[in-house]
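Residue numbers (UniProt numbering): 1 to 215.
All C-beta atoms in this analysis are idealised placements derived from N, C-alpha and C, irrespective of residue type, glycine included.
Every value quoted in this text rests on a predicted model; they were computed, and no experiment measured them.
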């Protein structure tokens with residue numbers, strides 16, 4: 001199963017089917033953690049609600065020498081800090097500031113936990129900022145990361161000089177129910193032998209085309 005994960009990652013990275021790999025990876029990682037649960041609260045949050053426990057987030061720090069608060073990038077559901085590698089390097093070149101990318105709990109290399117609420121994810125972010133002695137930052141969050149950034153701004157406003165919310169609004173959302181269907185389709189992808197990545201990508205997308213609309 002680990003080999004299949006690695007193969008699928010290589011096939012989809014940088015392709016129009018990359019979002020499917022992210023869905024697969026998050027599901028597989030959460031299943032391997034023990035209880036196989038990945039539950040995310042997608043409604044609005046209460047600034048007076050705090051996480052029951054905080055986890056130590058995995059992070060990458062891109063060093064910059066320019067003054068000014070560092071830029072902190074928060075990925076979306078089923079993503080990871082690796083989504084921001086090229087963007088983080090570009091931001092360092094453009095601004096000269098330090099850039100910090102984080103893996104949210106239950107994502108990437110960060111620990112797993114049964115609690116997956118925005119107050120919990122906000123507390124995780126605040127802890128890593130305090131750990132790295134970051135007293136003020138620019139939070140940039142995509143989708144789930146955008147709502148996490150909003151929650152951080154509500155709970156710890158002194159930590160946030162400003163924030164950018166990408167592809168998400170400060171409103172309640174309807175939970176998505178199609179992800180298990182996508183994951184089941186990816187589990188059925190069949191590739192034989194050693195073939196070029198371009199061929200593998202084409203074959204995988206053909207097998208998925210009847211189930212998933214690939215953009």
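Beta-carbon separation (whole angstroms), residue i vs residue j, contact threshold 8 Å
i, j, result
"residue 148", "residue 141", "6 Å"
"residue 101", "residue 88", "5 Å"
Contact check, residue i vs residue j, beta carbons under 8 Å
i, j, result
"residue 104", "residue 75", "yes"
"residue 185", "residue 203", "no"
"residue 94", "residue 62", "no"
"residue 126", "residue 161", "no"
"residue 182", "residue 128", "no"
"residue 77", "residue 143", "yes"
"residue 138", "residue 92", "no"
"residue 146", "residue 167", "yes"
"residue 163", "residue 153", "yes"
Classification of residue i by the beta-carbon crowding that lies within 10 angstroms, buried from 16 upward
i, result
"residue 195", "exposed"
"residue 54", "buried"
"residue 123", "buried"
"residue 189", "buried"
"residue 117", "buried"
"residue 107", "buried"
"residue 96", "exposed"
"residue 169", "exposed"
"residue 151", "buried"
"residue 109", "exposed"
"residue 198", "exposed"
"residue 200", "buried"
"residue 70", "buried"
"residue 178", "exposed"
"residue 24", "Since pLDDT at residue 24 reaches only 47, below the 50 mark, its modelled position is unreliable, and the value read off the structure follows with that caveat. Residue 24 should be labelled buried."
"residue 86", "exposed"
"residue 81", "buried"
Which residues DSSP lists as bridging residue i, in chain order
i, result
"residue 75", "Note: residue 75 sits in no beta bridge, so no partner."
"residue 165", "141"
"residue 61", "100"
"residue 160", "137"
heavy atom of the ligand SAH below 7 Å from residue i C-beta
i, result
"residue 159", "Because no ligand of any kind appears in the structure shown, any question about the ligand SAH cannot be addressed here."
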